[in-house]
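J.:
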Amino acid sequence: MVTTTVHLLRHGEVYNPGRVLYGRLPGYHLSERGHEMARVVAAALTEQKRDVVAVTASPLQRAQETAAPLSAAFGLETGADERLIEAGNRFEGTTIGARPWQLANPRWWGLLRNPLRPSWGEPYREQATRMQAAVAAARDAHPGHEVVLVSHQLPIWVTRLAYEGKHLWHDPRKRQCTLASLTSLHFEDDDLAGIEYSEPARHLATSLSKGAWSVK
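For the sequence shown, the numbering used here begins at 15 and goes up steadily by one.
Right under this line is the structure:
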């Protein structure tokens, strides 16, 4: 059997003093702490002598900036893949994420009719499908090696749920995908053999999940 690992890396902290739900909006870049997170992840993987042969990121600026030190550390060029982009969200550009009481305004009620889909944005199943296609392409292109795909919290989380065979609707507060975390998918040939979660930049994160763990 050929063992291949595809790491799903969430981008680092974003400079967002207005606490806008930025989604796919352009111009949102990493904060100074976010850049440091990216450097810490790159250092961790190089110190572990990981066999990283490709780095590909969402085309959004924060993902490309997170990938940059990793690509430099392994002497690679950063690719871009639209399938790794942030989830579409009809609340994009608002501050509802930071001020949820705004949802009391009737103008938003139509978007809340089906939280299991969800009705306010790109369906969970569509996110998981495009992300799994990107994972499969990376796995098939680099068998026997390791690849890093830089993406965003929600697409990474629903992809993990899909691989675990769980329902994709969930409580956002329980996502285990903190800033600059790695969700590592280990394959034996084309079959998923295990999922590992780690937080190399844990000491820099301001909002942490429950901690690292492994399944399968």
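All C-beta atoms in this analysis are idealised placements derived from N, C-alpha and C, irrespective of residue type, glycine included.
Any chance you could list the beta strand (DSSP E) runs of at least 3 consecutive residues sitting entirely within the region 148–211, in chain order?
T.: Entirely contained in the region 148–211, the beta strand (DSSP E) runs reaching 3 residues are, in chain order, 160–165 and 196–202.
J.: Assess contact between the region 128–146 and the region 201–211, defined as three or more Cβ pairs (one per stretch) separated by less than 8 Å. Is contact present?
T.: Because the criterion of three Cβ pairs below 8 Å is not met, the region 128–146 and the region 201–211 do not touch.
J.: Less than 6 Å between C-beta atoms, sequence neighbours within five positions excluded: which residues of the same chain meet that for Arg216?
T.: Here the set comprises nothing.
J.: To the nearest angstrom, how far is the alpha carbon of Thr173 from that of Leu193?
T.: About 16 Å.
J.: Report the three-state DSSP secondary structure of Tyr29 (helix, strand or coil).
T.: DSSP places Tyr29 in coil when its eight states are reduced to three.
J.: With H, G and I counted as helix, E and B as strand and the rest as coil, what does DSSP make of Leu35?
T.: Leu35 falls in the coil class under three-state DSSP.
J.: Kindly indicate the opening and closing residues of the beta strand (DSSP E) around His43.
T.: First-last for His43: undefined, no H or E at that position.
J.: Where do the ends of the alpha helix (DSSP H) carrying Thr80 lie?
T.: Its alpha helix (DSSP H) spans residues Gln75 to Ala87.
J.: I need the boundaries of the beta strand (DSSP E) containing Arg24, first residue and last residue.
T.: Where Arg24 is concerned, the enclosing beta strand (DSSP E) stretches over Thr17 to Arg24.
J.: Going by alpha carbons, who is nearest to Ala152 out of Phe201, Ala52 and Gln78?
T.: For the residues Phe201, Ala52 and Gln78, the minimum Cα distance to Ala152 belongs to Phe201.
J.: Any idea what DSSP makes of Val229, helix, strand or coil?
T.: Bear in mind that a pLDDT of 39 at Val229, under 50, signals an unreliable position, so the model cannot answer this.
J.: Name the two residues that bound the continuous beta strand (DSSP E) containing Ala71.
T.: Here the beta strand (DSSP E) through Ala71 covers Val66 to Ala71.
J.: What would DSSP say about Ala94, mapped onto helix, strand or coil?
T.: Reduced to three states, the DSSP call for Ala94 is strand.
J.: Tell me Gly107's beta-bridge partners as DSSP assigns them.
T.: Beta-bridge pairing links Gly107 to no other residue.
J.: One question on the structure: do Glu22 and Ser165 come within less than 7 Å of each other, judged by their Cβ atoms?
T.: Rather than Glu, the amino acid found at residue 22 in this sequence is Leu. Yes.
J.: Considering Cα atoms alone, identify which of Glu46, Asn103, Ser45 and Ala86 is closest to Ala56.
T.: Checking every option, the nearest Cα to that of Ala56 belongs to Ala86.
J.: Could you tell me which of Asn30, Val66 and Ala118 sits nearest to Ser198, measuring between CA atoms?
T.: Taking only the C-alpha atoms, the option nearest Ser198 is Val66.
J.: Closest to Pro40 by C-alpha separation, out of Gly48, Tyr29 and Gly179, would be which residue?
T.: Taking only the C-alpha atoms, the option nearest Pro40 is Tyr29.
J.: If I measure Cβ to Cβ from Thr109 and keep anything under 8 Å in the same chain, skipping five residues before and after, which residues do I get?
T.: For Thr109, where only same-chain residues beyond five positions count, the Cβ hits under 8 Å are Gly32, Arg33, Val34, Leu35 and Gln116.
J.: Let me know if Arg171 comes out buried or exposed under the rule of 16 or more other beta-carbons within 10 Å of its beta-carbon.
T.: Checking the sequence, you will find Trp at residue 171 rather than Arg. Buried, because 16 or more other Cβ atoms sit within 10 Å of the Cβ of Trp171.
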